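Numbering (my numbering), first residue to last: 10 to 166. By construction, the Cβ of each residue, glycine as well, lies at the ideal position given by its N, Cα and C atoms. Since the model is a prediction, treat every value here as computed from it, not as a measurement.
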């Protein structure tokens, strides 16, 4: 029998367009500072992180524009859906992320919001660079060619 604290990872929200719009360099797992109604609302699965990004303010990393809808069973103690949320990272990780954004013109984008094995809300954050239109077309051509190549190989042998 599994322990109460050992649950499978449950992905709640995924930013699927991020891999198409950005060239992802590195990923890092961050915790999120949430209120009680935000956690309950995230567990309902209506959260969107598609148009969100992370930014640094006063030596801290904040998640901006993530939509966590209000919890329906809450009363006046509900949260604001698009408020900035603090990401929980070690100082070394924050310095590395801020350095990449400042020096190399990278962007911090969330890829996945999930609950880990211990039931804690985590965010998979990516250091990425925006793709130009011709880069997006090139990526699509490579993907189509690899599919076609797989079909040809299966048909042949």
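Residue i burial status per 10 Å Cβ neighbour count (16 or more: buried)
{"i": "residue 113", "result": "exposed"}
{"i": "residue 166", "result": "exposed"}
{"i": "residue 149", "result": "exposed"}
{"i": "residue 72", "result": "buried"}
Proximity below 9 angstroms, CB of residue i to CB of residue j
{"i": "residue 87", "j": "residue 46", "result": "yes"}
{"i": "residue 122", "j": "residue 132", "result": "yes"}
{"i": "residue 39", "j": "residue 102", "result": "yes"}
{"i": "residue 139", "j": "residue 42", "result": "no"}
{"i": "residue 95", "j": "residue 74", "result": "no"}
{"i": "residue 137", "j": "residue 115", "result": "yes"}
{"i": "residue 77", "j": "residue 50", "result": "yes"}
Endpoints, beta strand (DSSP E) assigned at residue i
{"i": "residue 69", "result": "69–73"}
{"i": "residue 65", "result": "62–66"}
{"i": "residue 29", "result": "Not the beta strand (DSSP E): residue 29 falls in the alpha helix (DSSP H), residues 27–30."}
Expected contact under 8 angstroms - CB spacing of residue i and residue j to nearest Å
{"i": "residue 134", "j": "residue 117", "result": "6 angstroms"}
{"i": "residue 155", "j": "residue 110", "result": "32 angstroms between Cβ atoms; not a contact."}
{"i": "residue 16", "j": "residue 89", "result": "No, residue 16 and residue 89 are not in contact; Cβ-Cβ is about 28 angstroms, not under 8 angstroms."}
Candidates the options, of which the one nearest residue i by Cα
{"i": "residue 27", "options": "106, 130, 90 and 62", "result": "62"}
{"i": "residue 48", "options": "144, 79 and 70", "result": "79"}
{"i": "residue 55", "options": "23, 120, 148 and 17", "result": "23"}
{"i": "residue 124", "options": "84, 107 and 53", "result": "53"}
{"i": "residue 25", "options": "71, 144 and 119", "result": "119"}
{"i": "residue 29", "options": "164, 163, 146 and 159", "result": "146"}
Residue i: first and last residue of the uninterrupted alpha helix (DSSP H) it sits in
{"i": "residue 112", "result": "100–113"}
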